[in-house]
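In the numbering used here, the protein residues as written are 1110 to 1193.
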């Protein structure tokens, strides 16, 4: 059986946007395969604003959440497995 986590993340993301709120992800930056800018990690975690106006090329698949975002004016590719 597949994990329900990616489905729940997508559903909550849509619900948050539908209610005119800003969606964020709290990510365990020490999890395997996580790709986030290291200088923004605090105590092993990072909070990411995933509002459509803050990111580009969002892909929410079953294996990962991927997008491009700017941190301090520098573009980064973000990769977050749903287990992180």
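Glycine is no exception: its CB is placed at the ideal position from the N, C-alpha and C atoms.
Rounded C-alpha distance that separates residue i from residue j
i: residue 1189; j: residue 1115; result: 11 Å
i: residue 1166; j: residue 1175; result: 8 Å
i: residue 1123; j: residue 1163; result: 16 Å
i: residue 1141; j: residue 1130; result: 29 Å
i: residue 1134; j: residue 1110; result: 25 Å
Buried or exposed (CB count within 10 angstroms, at least 16 for buried), residue i
i: residue 1191; result: buried
i: residue 1157; result: buried
i: residue 1178; result: buried
Cβ pair residue i, residue j closer than 8 Å
i: residue 1132; j: residue 1113; result: no
i: residue 1154; j: residue 1136; result: yes
Of the listed residues the options, nearest to residue i (C-alpha basis)
i: residue 1173; options: 1126, 1181 and 1193; result: 1193
i: residue 1181; options: 1168, 1171, 1146 and 1170; result: 1146
i: residue 1138; options: 1149, 1126 and 1118; result: 1149
i: residue 1118; options: 1186, 1151, 1171 and 1185; result: 1171
**Study point:** Complete runs of the beta strand (DSSP E) confined to the stretch 1141 to 1190 [at least 3 residues]
**Key:** 1154 to 1158, 1164 to 1169, 1174 to 1180 and 1183 to 1189
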